[in-house]
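Mapping the sequence shown onto this note's numbering, position 146 (from 1) lands on 146, and the numbers just tick up by one.
The beta-carbon is built from N, C-alpha and C at its ideal position, and this holds for glycine as well.
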Amino acid sequence: MQSRSATHAKGIDVSHWQGIIDWKKVRGAGYSFAFLKATEGSRIVDDRFRANAQDAKNAGLLVGAYHFTRAASTDDVKNEVDHFLQVIESAGGLSAFKLPFVLDIETKEGQTKARISQIVNTWGTQFKQRTGRTLMIYTFPSFIDSYLDSSLGSYPLWYAYYSSGTPANKAGWKAWEFIQYTNKGKVPGISGDVDLNEYKGSEAELMAAYSNPAPNTSETAPQWKESGRQWLIDQVGISPDWKAEDPVDIGTLGSILLKYTQNVLGKKQS
């Protein structure tokens, strides 16, 4: 993997443990991004998440959100994804978060490398189907060695690496997107210790990459869009050739609504 650099963008990650944060002071000290704990398992919500998200964005930081998984099997994944997305929606929705959404995997409820890797892959697949977004994985070296296999190498990596020197490649990963290098940082606006991070490039490169991420038109449509497309085919009679990603102008929308109204009225009259 690549080395850290003094020219890289600086950031932090926080949860309720940091208490109330003065985000303007954080930004004034040169920190340009923050990852915020949102949820854990299928029920826990970090009680500072919504306030941190709003205040950090208002101070000019790019913000991402992470979920701490407790899934013990692939059957647990749906409930966790549902929970995470509900909390994200309550904090402004997907578009309010410019940085990648993160799955924090550092406990071994799944028991074996094969099962834990399958859980992470299932999480990533379900999240992509629901949102169109690719998850980033947060983890650390010894956990990768013991519990994650090379099938996960296509996911961006947020790497917790506290040693000096250049980190070695691990499993399927040959580079990190973000790196967490200490949990003993001191930052203006925050009482006590805080995790410190770097992006793989400069602040200008971070902003260019994430301030206004372009939509990936090659991605498969999220599941909810595909379900809506199928409903329109079944209930309104639109052409099956119409794709969920296709733009809809006002004339087409009017035609869809007219067809639907006619179908509903026709069924009632019959």
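Does DSSP put residue i in a helix, in a strand, or in coil?
i	result
residue 220	With a pLDDT of 48 at residue 220, under the threshold of 50, the modelled position of this residue cannot be trusted; read the value that follows with caution. Residue state, collapsed to three classes: coil.
residue 16	helix
residue 187	coil
residue 33	strand
residue 137	strand
residue 197	strand
residue 40	strand
residue 64	strand
residue 148	coil
residue 210	helix
residue 104	strand
residue 160	strand
residue 260	helix
residue 173	strand
residue 11	strand
residue 143	helix
residue 166	coil
residue 179	strand
Figure out for me which residue from the options has the closest Cα to the Cα of residue i.
i	options	result
residue 47	125, 17, 211, 164	17
residue 232	260, 212, 81, 173	260
residue 88	77, 173, 101	101
residue 195	34, 75, 8	34
residue 41	32, 258, 113, 106	106
residue 141	114, 175, 123, 109	175
residue 212	54, 74, 156, 99	99
residue 184	204, 162, 200	162
residue 108	69, 208, 254	69
residue 160	150, 169, 182	182
residue 112	21, 90, 74	74
residue 90	56, 252, 49	49
residue 125	155, 139, 64, 150	155
residue 334	57, 121, 129, 86	Residue 334 lies beyond the stretch modelled for the chain, which goes from 1 to 270, so this question has no answer here.
residue 21	192, 129, 262, 149	192
residue 54	86, 92, 139, 157	92
Report yes if the CB atom of residue i is closer than 7 Å to the CB atom of residue j, and no otherwise.
i	j	result
residue 62	residue 52	no
residue 144	residue 171	yes
residue 84	residue 134	no
residue 5	residue 166	no
residue 153	residue 173	yes
residue 94	residue 131	yes
residue 23	residue 59	yes
residue 77	residue 127	no
residue 147	residue 116	yes
residue 178	residue 199	yes
residue 32	residue 203	yes
residue 169	residue 1	yes
Using 10 angstroms around the beta-carbon of residue i, count the other beta-carbons present and answer buried if the total reaches 16, otherwise exposed.
i	result
residue 66	buried
residue 11	buried
residue 313	Residue 313 lies beyond the stretch modelled for the chain, which goes from 1 to 270, so this question has no answer here.
residue 180	buried
residue 356	The question about residue 356 has no answer here: the residues shown for the chain are numbered 1 through 270.
residue 254	exposed
residue 114	exposed
residue 110	buried
residue 9	buried
residue 252	exposed
residue 7	exposed
residue 64	buried
residue 257	exposed
Using a Cβ-Cβ distance cut-off of 7 Å, determine whether residue i contacts chain B.
i	result
residue 14	The structure shown has no chain B; it contains just one protein chain.
* To do: Report yes or no: do three or more beta-carbon pairs, one from the region 182-202 and one from the region 26-44, lie closer than 8 Å?
  => Yes, the region 182-202 touches the region 26-44.
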